[in-house]
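Numbering (the working numbering), first residue to last: 75 to 266. We put the CB at the ideal spot given by N, CA and C, even for glycine. In this text the structure is predicted, and so the values were computed from the model without any measurement. Input: a single structure, listed below in structure tokens.
The following block contains the structure:
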């Protein structure tokens with residue numbers, strides 16, 4: 075039975091994501107990807123103009139997933155510090171549940187790929203930092219913090235990226251949520 079166009083495109087992205095979950099970090103080529111899917115390389119290019127476009131599909135998934143959850147937190151939670159805690163938790167759990175995506179987020183999977191892909195990841199980081207800063211300003215207005223929201227937002231982003239990095243580089247053994255809640259209490263200088 076033939077696979078429909080939209081389904082094949084999704085199947086390609088899922089296979090690519092699964093390949094990124096292998097700790098040995100072998101370079102993923104279109105030939106290897108096509109072999110995993112049991113199709114020709116030409117069949118891949120009927121759905122994606124380039125390998126970079128395949129990675130763009132993964133980045134789109136990351137962006138939609140993370141910001142869908144982050145925006146939901148912002149709209150549901152009034153307490154600024156609770157927003158921050160929940161956002162950090164969501165970002166760490168996202169990587170834990172999608173190990174291959176953590177390699178995309180830290181740029182590990184993008185080495186030797188189109189530099190525009192890393193630019194997109196950097197834009198995601200900028201949006202995350204801006205959102206954290208906004209929540210920290212809300213906390214400050216609520217009298218919860220007297221720290222510099224800009225500096226703390228950057229520190230929290232670095233914390234998340236570091237946890238993602240440790241997870242990917244440990245072969246997915248060091249879970250992003252390991253000790254994270256206790257570390258957040260220290261970073262936010264706040265008892266839950």
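Would you tell me roughly how many angstroms separate the C-alpha atoms of residue i and residue j, rounded to the nearest one?
{"i": "residue 100", "j": "residue 133", "result": "20 angstroms"}
{"i": "residue 92", "j": "residue 205", "result": "30 angstroms"}
{"i": "residue 262", "j": "residue 189", "result": "34 angstroms"}
{"i": "residue 145", "j": "residue 123", "result": "31 angstroms"}
{"i": "residue 94", "j": "residue 217", "result": "44 angstroms"}
{"i": "residue 82", "j": "residue 173", "result": "22 angstroms"}
{"i": "residue 252", "j": "residue 106", "result": "34 angstroms"}
{"i": "residue 75", "j": "residue 108", "result": "Bear in mind that a pLDDT of 41 at residue 75, under 50, signals an unreliable position, so the number given afterwards is only what the model happens to contain. About 18 angstroms."}
{"i": "residue 86", "j": "residue 222", "result": "44 angstroms"}
{"i": "residue 152", "j": "residue 209", "result": "9 angstroms"}
{"i": "residue 193", "j": "residue 256", "result": "32 angstroms"}
{"i": "residue 186", "j": "residue 142", "result": "29 angstroms"}
{"i": "residue 128", "j": "residue 90", "result": "8 angstroms"}
Within 10 angstroms of the Cβ of residue i, are there 16 or more other Cβ atoms? Answer buried if so, exposed if not.
{"i": "residue 103", "result": "exposed"}
{"i": "residue 168", "result": "buried"}
{"i": "residue 244", "result": "exposed"}
{"i": "residue 259", "result": "exposed"}
Going by the CB atoms, is the gap between residue j and residue i shorter than 8 angstroms?
{"i": "residue 177", "j": "residue 242", "result": "yes"}
{"i": "residue 140", "j": "residue 234", "result": "no"}
State yes or no: is the beta carbon of residue i nearer than 8 angstroms to at least one beta carbon in chain B?
{"i": "residue 108", "result": "In the structure shown, chain B cannot be found, because there is only a single protein chain."}
Could you give the residue range of the alpha helix (DSSP H) that holds residue i?
{"i": "residue 246", "result": "Run containing residue 246: none; DSSP gives neither H nor E here."}
{"i": "residue 217", "result": "Taken as a continuous stretch (DSSP letters only), residue 217 belongs to no alpha helix (DSSP H), as it is neither H nor E."}
Touch check for the region 189 to 209 and the region 104 to 116: three-plus C-beta pairs under 8 angstroms? no
Does the contact criterion of 3 or more C-beta pairs under 8 angstroms hold for the region 181 to 188 versus the region 212 to 231? no
Contact between the region 145 to 158 and the region 206 to 215 is defined here as three or more beta-carbon pairs at a separation below 8 angstroms; is this criterion met? yes
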